[in-house]
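Read the structure below first, then the notes.
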Amino acid sequence: MHSRSAYPTDVYFFATCVVDQFFPGAGMDAITLLERQGIRVHFPEEQTCCGQPAYTSGFPDEARKVAALQLSLFPNDWPVVVPSGSCAGMMKHHYPTLFADDPARKAAAEKLSARVYELTQFLVDVLNFKPEDCGSDCTVVLHTSCSARREMGVHVTGRKLIGDLAKVKLAQQDHESECCGFGGTFSVKQPEISAAMVEDKVKALKATGAERVVSADCGCLMNILGHAAWKDQQEGRKTPSLPGEHIATFLLRRTAKENTQ
Amino acid sequence: MNAPQTPHALHFMPSAGFRARAKDVVENPFLRQSFRGAMDFLMSKRAAQFPDPEELESLRRLGERIRQYNLAKLPDLLVQLESNLTRNGIQVHWAETPEEANAIILGICQKHSAKLMVKGKSMVSEEIELNHAAEAAGIGALESDMGEYIVQLAHEKPSHIIMPAIHKTKEQIAKLFHENVPGVDYTDNVDALIQIGRNVLRQKFLEADIGLSGVNFAVAETGTLCLVENEGNGRMCTTAPPVHIAITGIEKIVEKLEHVPPLLSLLTRSATGQNISTYFNMISSPRKPGEKDGPGEVHLVLLDNGRSQAYADEQLRKTLQCIRCGACMNHCPVYTRIGGHAYGTTYPGPIGKIISPHMLGLEATANMATASSLCGACGEVCPVKIPIPELLIRLREESFTAPHANPTMRGQGAGHNARISAIWRAWSAIYASPALYRAASWLASRFRWLTPRRQAGWTSVRTPLQPAPKRLRDLIKERP
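Quick note, the sequences are listed as chains H and B, same order.
Count along the first sequence starting at 1, add 1488, and that's the number in the working numbering.
Count along the second sequence starting at 1, add 206, and that's the number in the working numbering.
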C-alpha cells in the first residue's frame, strides 16, 4: 500500500475504453494534472478495457479474457491510476473474484487490486493534492458515480478537491446519491426506466442553477450530458443548458495560472 | 384529484410484460411523483434511525453473521425446531410447493368445517396465492392488515412487502371503502378510514374459524414463533380464532432466542424507521388448560418453494439471509420509478429480483435481473448485508449462458440468445487483443461519421454517441 509519506515517482495510467475513444481530452488532462505534480505517467499501449461491460452483463468468460490482458500490463510496483470509479472498482474489487479459479492470475489480481486508485482518490489520499484556484467565481455541481461512491468509497475525494478551490461554490443537488440511470447495458436493455432516471437526474442538476456539472466518471457524463443535449435539441436551445466535463479537465483549467476561467 | 388506476392485471409471467408495465408507470407523472414521495418518506425515516454510520455498520455485520450462522446450520435447526414445536403442542407441516402448502392449510380448514379465515399479513401466503385457493374451496379468506385489506378490496396484489397499498392514494381508498363496505359514506379522512376498516375487521375476528399469520423468526431452541406487526391484527388473528395456522419459508429460522433482538431491531428500523414495532408476538403453544384465551390448535407450515435451490449454492444462499424489511425497495431507483406491480412477482424490487427466480424459475424471470443499473443502493442499506448487485450479476450469467448439463438453477439458460452471445464473444476477442482493439478503435474514430444516428434504446432520450476524432493514444503520440 502507498502511504502519504511515500510520494510516488511513477504511475501507470489506465485510461478506460470510454476515455480512450469518447473522452480523450479528459484523459490528457488527467495525465497533465499528474505530471504537474512531478510524476512520470506511463500509458501501457496495449491497454483496452477493464472488462466490466461483459462482466456486469452476465458474460464472465468473455470478461475474463479481456481482464487477463490488462492484468499483464502493469509489471512494476507503481500505482495504477484510473479516471473512473466504476472501472477502478472493477479492477480493484472484481478482478480477484473473476480469477478465483486461476491461482496464478488470482494472485496477480490481488497484487494489482492493492495498487489501483481512482483518480480523485489518488490526488487526495496519495498526493495530498491541494489545488490552488486561479479561476473566477463559479458554481458547479458534482455527480459522483455509484461505483465511486459505494464500491470504491471515494465520493468524499471529488468533493474535497472541489471544496479546496477557493472561488468555486459546490451546489447540492436533490437526491445526490441516486444513480443517473446509466448502468452500462441497462440503459439499452431497460431504456424506459433508464430514461426516467436520467431525466430526473438532469432536472435535479439543472435545478441547482450550477453553471456546469463535473464528474469523475465518463459513463455517467455520457448519459447525463447526452440527455441534457437531447433535451436542448427538443426544446430548440442553441447553447447547452447543462454543460459538463470530467473533473480532471475542470481541475486542470482552474489551476492553470495562465488561464482565468 | 383521483389518481389513474395502476395498469395491467397481474400474472405470473413477470418477464413477459415487464417492460410494458414499467413503461406505463414511468410515463404516468402522478404515479411517478407518488412513489417518489412515499420512498423519500421511508428513506428519511430509516436514516433518522441510524445517525451513526459506524453503529449501523456494526449492526449490519452482526445481522449478517447471525443470519449466516443460522443458515449454515439450517438442516439441523429445522429438525430441532420441529421437535421443540411438537413438544410445545404446535403441529408442524412441510410443504415443498405452493400447491402442497395450500392443500395442507385447506385440509386443516376443512377438518374444522371452517367458513372464514382471517389473515394477518403474510407475504408467504401471497407467494402461494392462498386467497385464491381458499376461495376456490369455498372458504372466505379475509385480510386484516389495513394495507392488505385495501389491496384485497381492490382485487389487487401488494405492491410492497411492508406497505402493501403504498401505490394507493387516500382518495382511491375512500372510494373503495365507499363502494365496497356497506353503509359507508365517502370520506378521505385517514383516521376515519382506519376506523371503518377496524370496525369491519373487529367483528370478523370473532366470527373467524381460522386465524392465519406469517412468521418473522422461528426460534429452534425454544420452539417459538415470533411475529412483528403494528396494528394488533396479528395478535387478534393468532389468539381469537379457535385455530391458528402460521406459514413461513424454511429460511426464517434462528437457533437461539438471543438471535432475535438484534434482527428485530434491524428489521423495524430498516423497514419503517421504528425503534420497535407496536406489537411483537411470541407464540409458543396452543391454549393450555386453565388459560382463558388463545387458540386450541396451532399449526406451522414450513414452505420450501425453491428456497432449497438457492440454499444449495454458496453464493445464491445469501439470498436467504433476507429478513423482509423492504429497505432495498425503498432505496431502489428502479422500484421508485416503476412501483411494485410492474415486477409481476409477489416480492418486487431488488429482493424480488434475486429471490423470484428460485420460486418461479428463470423461464418466467429471465429478464428481471437486467432491470438494475447495479447502482448498489440496495446492498448498501440491506440490514443483513446481502450482496444484491453481485447476485444480480450471477443471475444474469445463469440466465444468458447457453443451457448446460447439471444447472444450479431451474430454467438456467432461459435468457440465452445465440446472437447476443456471439456479439459478446466478438467483443471479447477484440478487447482481449491489443492489435484488434487498436484497429477497431482506429476505424471507429476514423469513420466516426458512419456512426449510426439512431442507437437502440440510447437515442430515445439522448443524443447519439460518437467516438472522438482522435483517441487518447493518438493524442499522447502527438504530444511535443
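Backbone N, C-alpha and C fix where the C-beta goes; we use that ideal spot for every residue, glycine too.
Neighbour flag for residue 1718(H) against chain B, beta carbons, 8 Å:
By 1-based counting over the first sequence, the position of residue 1718(H) is 230. It does: the Cβ of residue 1718(H) has a partner Cβ on chain B nearer than 8 Å.
Identify the continuous beta strand (DSSP E) that holds residue 1528(H) and give its terminal residues.
Walking along the first sequence from the start, residue 1528(H) turns up at place 40. Residue 1528(H) -> beta strand (DSSP E) spans 1528-1530.
Buried or exposed by the 16-neighbour rule on C-beta atoms within 10 Å, applied to residue 217(B)
On the second sequence, residue 217(B) is found 11 positions in, with the first residue counted as 1. Per-residue confidence for residue 217(B) stands at a pLDDT of 41, beneath the threshold of 50, marking its modelled position as unreliable; no derived number is given.
Could you tell me the boundaries of the beta strand (DSSP E) in which residue 1750(H) lies?
Only positions 1489 to 1749 of chain H appear in the structure, and residue 1750(H) is not among them; the question remains open.
8 Å Cβ cut-off: residues of chain B touching residue 1508(H):
Counting from 1 along the first sequence, the entry for residue 1508(H) is found at position 20. 647, 677, 678 and 679, listed in chain order.
With 7 Å as the C-beta to C-beta threshold (strictly closer), list the residues of the segment 626-647 of chain B near chain H in chain order.
630, 631, 633, 634, 637, 638, 640, 643 and 647
Can the beta-carbon of residue 1692(H) be found closer than 8 Å to that of residue 1662(H)?
Residue numbering aside, residue 1692(H) sits at position 204 when the first sequence is read from its first letter. Residue numbering aside, residue 1662(H) sits at position 174 when the first sequence is read from its first letter. In contact: residue 1692(H) and residue 1662(H) (Cβ atoms closer than 8 Å).
From which residue to which residue does the alpha helix (DSSP H) around residue 630(B) run?
By one-based count along the second sequence, residue 630(B) stands at place 424. Element bounds for residue 630(B): 624-637.
7 Å CB neighbourhood of residue 1612(H) in its chain, flanking five on each side removed:
Taking the first sequence and counting its residues from 1, one reaches residue 1612(H) at position 124. Within the same chain, residue 1612(H) has close Cβ partners 1645, 1648 and 1649.
DSSP-derived helix/strand/coil call for residue 1674(H)
Counting from 1 along the first sequence, the entry for residue 1674(H) is found at position 186. Residue state, collapsed to three classes: helix.
Sort out for me which residues DSSP pairs residue 435(B) with in a bridge.
Along the second sequence, read from residue 1 onward, the residue named residue 435(B) stands at position 229. Answer is 485(B), bridged to residue 435(B).
Do the segment 511-531 of chain B and the segment 568-585 of chain B touch if we need at least three Cβ pairs shorter than 8 Å?
no
Return the bridge partner residues of residue 368(B) from the DSSP annotation.
Here residue 368(B) refers to the residue found at position 162 when the second sequence is read from its first residue. According to DSSP, residue 368(B) bridges with nothing at all.
Return no unless some Cβ of chain H is closer than 8 Å to the Cβ of residue 182(B).
No statement about residue 182(B) is possible, as the shown extent of chain B runs from 207 to 686 and does not include it.
Are any of the Cβ atoms in chain H nearer than 8 Å to that of residue 229(B)?
Taking the second sequence and counting its residues from 1, the one referred to as residue 229(B) is at position 23. Yes, contact with chain H.
Taking beta-carbon pairs under 9 Å, can you tell me which members of the segment 407-426 of chain B lie near chain C?
In the structure shown, chain C cannot be found, because the protein chains are H and B.
Closer than 7 Å by beta-carbon distance: list the chain H residues that pair up with residue 682(B), in chain order.
Counting from one through the second sequence, the residue named residue 682(B) turns up at place 476. For residue 682(B), the C-beta contacts it makes with chain H under 7 Å involve 1531, in order along the chain.
From the beta carbon of residue 1710(H), is the nearest beta carbon of chain B less than 8 Å away?
If you number the first sequence from 1, residue 1710(H) lands on position 222. For residue 1710(H), the answer is yes, since a Cβ of chain B falls inside 8 Å of its Cβ.
Hey, residue 532(B) and residue 334(B): beta-carbon distance below 8 Å or not?
Counting from 1 along the second sequence, the entry for residue 532(B) is found at position 326. Counting from 1 along the second sequence, the entry for residue 334(B) is found at position 128. One thing to note: residue 532(B) has its Cβ no nearer than 8 Å to the Cβ of residue 334(B).
For residue 1552(H) and residue 1572(H), I'd like the C-alpha separation in whole angstroms.
Stepping through the first sequence from its first residue, residue 1552(H) is reached at position 64. Stepping through the first sequence from its first residue, residue 1572(H) is reached at position 84. Taking the straight line from one Cα to the other gives about 20 Å.
Contact list for residue 664(B) against chain H, beta-carbon separation under 8 Å:
The count along the second sequence starts at 1 and reaches residue 664(B) at position 458. Those within 8 Å of residue 664(B) in chain H are 1675, 1676, 1679 and 1714.
Limits of the alpha helix (DSSP H) - the one that residue 1583(H) falls within
On the first sequence, residue 1583(H) is found 95 positions in, with the first residue counted as 1. Counted as a single uninterrupted DSSP element, the alpha helix (DSSP H) harbouring residue 1583(H) occupies residues 1583-1586.
Assign residue 362(B) to one of three DSSP states: helix, strand, or coil.
Sequence index remark: in the second sequence, residue 362(B) carries index 156 (1-based). Of the three classes helix, strand and coil, the one that applies to residue 362(B) here is coil, per DSSP.
Let me see if you follow: with CB-CB separation under 8 Å, is residue 577(B) close to chain H or not?
As a working mapping, residue 577(B) is identified with position 371 in the second sequence. It does: the Cβ of residue 577(B) has a partner Cβ on chain H nearer than 8 Å.
Regarding residue 242(B) and the ligand MN, is the C-beta to nearest heavy atom distance less than 7 Å?
Among the components of this structure there are no ligands whatsoever, and the ligand MN is therefore not found.
Per-residue contacts from residue 603(B) into chain H (C-beta, under 8 Å)
The residue labelled residue 603(B) in the question sits at position 397 within the second sequence. Result: 1546, 1547 and 1548.
State buried or exposed for residue 591(B), treating a residue as buried only when at least 16 other CB atoms are found within 10 Å of its CB.
Locating residue 591(B) in the second sequence gives position 385, where the first residue counts as 1. Buried is the call here.
Rounded to whole angstroms, what's the CA-CA distance from residue 1726(H) to residue 1681(H)? Just pull it up for me.
Working through the first sequence from its first residue, we reach residue 1726(H) at position 238. Working through the first sequence from its first residue, we reach residue 1681(H) at position 193. Approximately 28 Å between the Cα atoms of the pair.
Taking Cβ positions only, does residue 606(B) come closer than 8 Å to chain H?
Taking the second sequence and counting its residues from 1, one reaches residue 606(B) at position 400. True, the Cβ-Cβ gap to chain H drops below 8 Å.
Using a C-beta to C-beta distance shorter than 8 Å, which residues of chain B count as neighbours of residue 1670(H)?
Within the first sequence, the letter at position 182 stands for residue 1670(H). Ordered by position in chain B, the residues that pass the 8 Å Cβ test against residue 1670(H) are 579.
Within chain B, partners of residue 1557(H) - CB distance below 8 Å:
For the purposes of this step, residue 1557(H) is taken as residue 69 along the first sequence, with counting starting at 1. Going along chain B in sequence order, the residues near residue 1557(H) (Cβ under 8 Å) are 637, 638, 639 and 640.
Of all the options 1630(H), 1672(H), 1743(H) and 1527(H), which has the alpha carbon lying nearest to the alpha carbon of residue 1697(H)?
Sequence index remark: in the first sequence, residue 1697(H) carries index 209 (1-based). The shortest Cα separation from residue 1697(H) among 1630(H), 1672(H), 1743(H) and 1527(H) belongs to 1630(H).
Who are the Cβ neighbours of residue 564(B) in its own chain at under 6 Å, not counting the five residues just before and after it?
Position 358 of the second sequence holds residue 564(B). If we look at residue 564(B) and ignore the five residues flanking it on each side, its Cβ neighbours are 512, 515 and 516.
Terminal residues of the continuous beta strand (DSSP E) containing residue 275(B)?
Counting from one through the second sequence, the residue named residue 275(B) turns up at place 69. Counting along the chain, residue 275(B) falls outside any beta strand (DSSP E), though it belongs to the alpha helix (DSSP H) covering 259-278.
Of all the CB atoms in chain B, is at least one closer than 8 Å to the CB of residue 1641(H)?
Taking the first sequence and counting its residues from 1, the one referred to as residue 1641(H) is at position 153. Not closer than 8 Å to any Cβ of chain B, the Cβ of residue 1641(H) fails to qualify, so no.
Along chain B, which residues have their Cβ under 9 Å away from the Cβ of residue 1563(H)?
Taking the first residue of the first sequence as position 1, residue 1563(H) is located at position 75. Neighbours of residue 1563(H) on chain B: none; closest Cβ ~15 Å, over 9 Å.
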